[in-house]
Amino acid sequence: MTSSVETSSPKRSSVEPLAAGNSATESPAVQPPVVEAPSVEPRAVESRAAEHSAVEPRAAESRAAEPSAVEAPAVGAARAEALAVETPRASSAGAPSAPADIAELPPLTSAPRRLLKHPRLMHYNRLAALVLFANLGFLAVSWAPSAEAIGYASLVNLALAVVVRQQYVINLFFRLATWAPTSWPLKVRWTLGKVYHFGGLHVGGALAGAVWFLAGAVVVTVDGANAPLITVSWILVALLVGIVATALPPFRSRFHDHFEKIHRFGGWSALALFWTHTLLGAQGPVALGVLAVVTFSVALPWLRLRKVDVRIERPSSHVALARFDHGVTPFAGSSTAISRSPLKEWHSFANVPSPGRPGFRLTISRAGDWTGSFIDDAPPKVWVKGITTAGVANIETLFSKVIYVATGSGIGPCLPHLLAAEVPSRLVWATRDPRKTYGDDLVDEILAVQPNALVWDTSQHGKPDMVRLAYTAYRDFGAEAVICISNKKLTWQVVHGLERRGIPAYGAIWDS
């Protein structure tokens, strides 16, 4: 569906930063008074066709240096006008508007509904639990205490864990989920929008498969199978336990680079041992077929490994703008993984194709050692592999209107959707000194398609209550959903804060 972004002529008005005591998810008892905005003559800005773009905040790096409006600072009685970034004169809509006041949050929904929206019960965890309960059902109904049956159960679960992470499968999930028309009930579309929680299937399959294989190792040992089979079984058990343990959130978030290496090399080793185990156990063609599918799924992205040219600009010491043109023009809302050393670490960033032009752009923000090194020592070439994959914001087509909430470099995953304008949308962006950090061209490009965007300069006005800003935009624009791209803490605050009030909200879940 294609529709234009709303471009009605706005009024310049004031928005106030909130006091630190205000919770990101609870509305304060008293609404702060609205202060009259000073009269400001909009500055003419020449419209430029920018060649810049933006980035996907990555799990391991999202907690770092980017100012992302997590908590409101203590400003006492001070009041400040939100930054209304100048719009290019080419736009007929004038300067972007801020809401006349920040809305009070609506009341919470009923306790049972709020319980279902609790982070512990998010769809990711529900899918993991579904897989585990399905295995318990198989155990209760179709239990056959044989090494062969246990072997099949472990293999099927581990195949599920691998295949749902395959790039083509991920894109298929998104395509199927977003086929639903906007005429369907909102509750149905709300649930379909959670398609990006598919990683729960990966977790459930990996846990169940590891437990089944442990049981299988016990059975072959008790049954007195041949020594090589027993040896391989217990080596594989130890490897699977190590992979699962290092994938748990405490280790993964603290040592993400180590997690990636263990997951990659441990996974390849486990696959080789599964082949050895299957051949030693003389299992039938079904097991061999499943292993062949898993092996192909793992190998396919690496068969497309290539080193490509990249042109890099630095509008500031905080951001690198990378342009690619190696014969690939990805779809809006997809991401590309790049690496300087393909066997060590990969980092995914949002693709920003320019409508009607070849190639695409990435914006890489300083948020860790790798990105800092990339900005300071820009490489002429980088490695890419596989195909581009769909990201969370692709669910926008399920709704008639959406609000994009971004902080800092979170503007990246939002930008391709704003440029494509397939769904009417409005942007709320909190960032530090946007023109100085990202350059006039990028800011002007955003304002050309979002003249009514609310851009909050945190260097001047502090960090706002993003939940209330998001709700205000949602209410004023008449949107059906909110999509938040920010760091982990703020994303959870916005998504959880809105959903427990009955508003569909979406944001990354940091499960990679």
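If you're matching positions, the sequence shown starts at 288 in this note's numbering and goes up one per residue.
Built from N, CA and C at the ideal position, the CB exists for glycine as well.
So, is residue i buried or exposed, given that buried needs 16 or more other C-beta atoms within 10 angstroms?
| i | result |
| --- | --- |
| G573 | Sequence inspection shows Val at residue 573; the Gly mentioned does not correspond to that position. By the neighbour-count rule (16 or more Cβ atoms within 10 Å), V573 is not buried but exposed. |
| T675 | buried |
| H634 | buried |
| D510 | exposed |
| F611 | buried |
| A446 | buried |
| K688 | buried |
| L414 | buried |
| F552 | exposed |
| F561 | buried |
| P642 | exposed |
| A525 | exposed |
| L239 | This structure cannot speak to residue 239, because the chain is shown only from 288 to 799. |
| L706 | buried |
| K750 | buried |
| T518 | exposed |
| S441 | buried |
| H545 | exposed |
| S628 | exposed |
Roughly how many angstroms lie between the CA atoms of residue i and residue j, to the nearest whole one?
| i | j | result |
| --- | --- | --- |
| V606 | G614 | 25 angstroms |
| K668 | V597 | 5 angstroms |
| Q747 | A760 | 21 angstroms |
| L785 | Y758 | 7 angstroms |
| S712 | V769 | 10 angstroms |
| W716 | A579 | 46 angstroms |
| L516 | L567 | 6 angstroms |
| G726 | I733 | 11 angstroms |
| V585 | H550 | 12 angstroms |
| T559 | A693 | In the sequence as presented, Thr is not what sits at residue 559; that position holds Ala. Between A559 and A693, the C-alpha separation is close to 43 angstroms. |
| T658 | G424 | 46 angstroms |
| A307 | L488 | A caution first: A307 carries a pLDDT of 33, below 50, which makes its placement in the model unreliable, though a value can still be read off. Rounded to whole angstroms, A307 to L488 spans 39 angstroms at the Cα level. |
| N309 | W743 | Confidence at N309 is low in this model, with a pLDDT of 35, below 50, so its placement is unreliable and no value can be given for it. |
| Q780 | I772 | 12 angstroms |
| L590 | A493 | 24 angstroms |
| I457 | A637 | 15 angstroms |
| S622 | A502 | 39 angstroms |
| R601 | H543 | 27 angstroms |
| T469 | L463 | 14 angstroms |
| P617 | P738 | 26 angstroms |
| T533 | M409 | 22 angstroms |
| A434 | N444 | 16 angstroms |
| I682 | A792 | 11 angstroms |
| Y691 | A495 | 37 angstroms |
| V450 | E391 | 45 angstroms |
| S429 | K548 | 37 angstroms |
| H803 | K775 | Nothing about residue 803 can be reported from this structure: the residues present for the chain run from 288 to 799 only. |
| R648 | K481 | 27 angstroms |
| T650 | P700 | 10 angstroms |
| R653 | A512 | 55 angstroms |
| R400 | L426 | 32 angstroms |
| V639 | L702 | 7 angstroms |
| R787 | L402 | 8 angstroms |
| L685 | D731 | 28 angstroms |
| S660 | Q454 | 28 angstroms |
Three-state secondary structure (DSSP) at residue i?
| i | result |
| --- | --- |
| A525 | helix |
| D596 | strand |
| S433 | coil |
| R476 | helix |
| W499 | helix |
| S568 | Residue 568 is actually Gly in this sequence, not Ser. Correct three-state label for G568: coil. |
| R401 | helix |
| F611 | strand |
| T676 | strand |
| D744 | strand |
| Q780 | helix |
| L702 | helix |
| V505 | helix |
| R551 | helix |
| Q737 | coil |
| E732 | helix |
| V577 | helix |
| P393 | coil |
From the DSSP output, which residues share a beta bridge with residue i?
| i | result |
| --- | --- |
| Y691 | L714 and I770 |
| V606 | S603 and S652 |
| G794 | C771 |
| W670 | K594 and S626 |
Does the beta carbon of residue i come closer than 9 angstroms to any beta carbon on chain B?
| i | result |
| --- | --- |
| E767 | Given the protein chain composition of this structure (a single chain), no chain B is represented. |
Handout entry: Every unbroken beta strand (DSSP E) inside the segment 615 to 653 [3 residues or more]
Key = Residue ranges of uninterrupted beta strand (DSSP E) with 3 or more members, entirely inside the segment 615 to 653 and ordered along the chain, are 621 to 628, 632 to 637 and 647 to 652.
Practice task
For the segment 405 to 429, list the alpha helix (DSSP H) runs that are entirely contained and at least 4 residues long, ordered along the chain.
Solution key: Fully enclosed alpha helix (DSSP H) runs of 4 or longer: 410 to 428.
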